[in-house]
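The sequence shown begins at 179 in this note's numbering and counts up by one.
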Amino acid sequence: MLSDADKRLVDRYFDEILSGGDFSVNDEILAPDFTIYGLETLRDRDQFLEVQSTVLREAFPDLIFELHDVFGDENKVAVRATMRGTHQGEYLGIAPTGNQVEVETITILRISGERIVEVWSEMDSLTWFQQLGAVPQMDWQAEEPSTYRE
179 MLSDADKRLV DRYFDEILSG GDFSVNDEIL APDFTIYGLE TLRDRDQFLE
229 VQSTVLREAF PDLIFELHDV FGDENKVAVR ATMRGTHQGE YLGIAPTGNQ
279 VEVETITILR ISGERIVEVW SEMDSLTWFQ QLGAVPQMDW QAEEPSTYRE
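This is the structure we're talking about:
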């Protein structure tokens, strides 16, 4: 069962670091050997914080995470969340669009010694890049309904 202390730690990670952009709390929340796996594996805490502060915060200064489900066991926590922000700066070579973007994320966090040690994070990247205009929207409806004929 998820302890209250681990729930508070996960809430702080999402609220203070990811949504709030407050990197002064990293020593309290993230282990020195912190690793995050996702679009790119970042194997140290400083590299993660640099990406958060320069790549994401500059491109999406109003980035927030809304947590929907948080559950776990003795050392792992799963979170389903919505990530939202306004594309106001260059992001991975994509010029600012001013678009509001919103995608679902799934994150698993491993906690040890009252710190987050590892994070596995996945998001709906296709929808994210479609909302940024980097990938065309797909129209999945057929022009005419198909019928089976013998």
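Cβ atoms here follow ideal geometry from the backbone N, Cα and C, with glycine treated the same way.
Buried or exposed, going by whether 16 or more other CB atoms sit within 10 Å of the CB of residue i?
i           : result
residue 219 : exposed
residue 232 : exposed
residue 249 : exposed
residue 261 : buried
residue 184 : buried
residue 223 : buried
Please report the distance separating the alpha-carbon of residue i from that of residue j.
i           : j           : result
residue 211 : residue 197 : 22 Å
residue 279 : residue 265 : 7 Å
residue 293 : residue 317 : 44 Å
residue 254 : residue 202 : 24 Å
residue 181 : residue 267 : 38 Å
residue 241 : residue 275 : 15 Å
residue 286 : residue 228 : 21 Å
residue 204 : residue 235 : 16 Å
residue 209 : residue 230 : 16 Å
residue 302 : residue 291 : 31 Å
residue 244 : residue 304 : 20 Å
residue 307 : residue 259 : 18 Å
I need the DSSP call for residue i, collapsed to helix, strand or coil.
i           : result
residue 206 : helix
residue 229 : helix
residue 270 : coil
residue 303 : helix
residue 278 : strand
residue 222 : coil
residue 234 : helix
residue 257 : strand
residue 245 : strand
Would the C-beta of residue i count as close to the ligand FAD, meaning under 7 Å from any of its heavy atoms?
i           : result
residue 225 : Because no ligand of any kind appears in the structure shown, any question about the ligand FAD cannot be addressed here.
Give me, in chain order, the residues of the same chain whose beta-carbon lies closer than 8 Å to that of residue i; leave out the 5 immediate sequence neighbours on both sides.
i           : result
residue 207 : 187, 190, 191, 194, 195, 293, 294
residue 310 : 265, 269, 272, 275, 277, 279
For residue i, I'd like the list of residues in its chain whose CB is within less than 6 Å of its CB, leaving aside the five on either flank, ordered along the chain.
i           : result
residue 176 : Since the first and last residues shown for the chain are 179 and 328, residue 176 lies out of range.
residue 216 : 299
residue 199 : 235
Give me, in chain order, the residues of the same chain whose beta-carbon lies closer than 7 Å to that of residue i; leave out the 5 immediate sequence neighbours on both sides.
i           : result
residue 214 : 220, 226, 297, 299
residue 239 : 266
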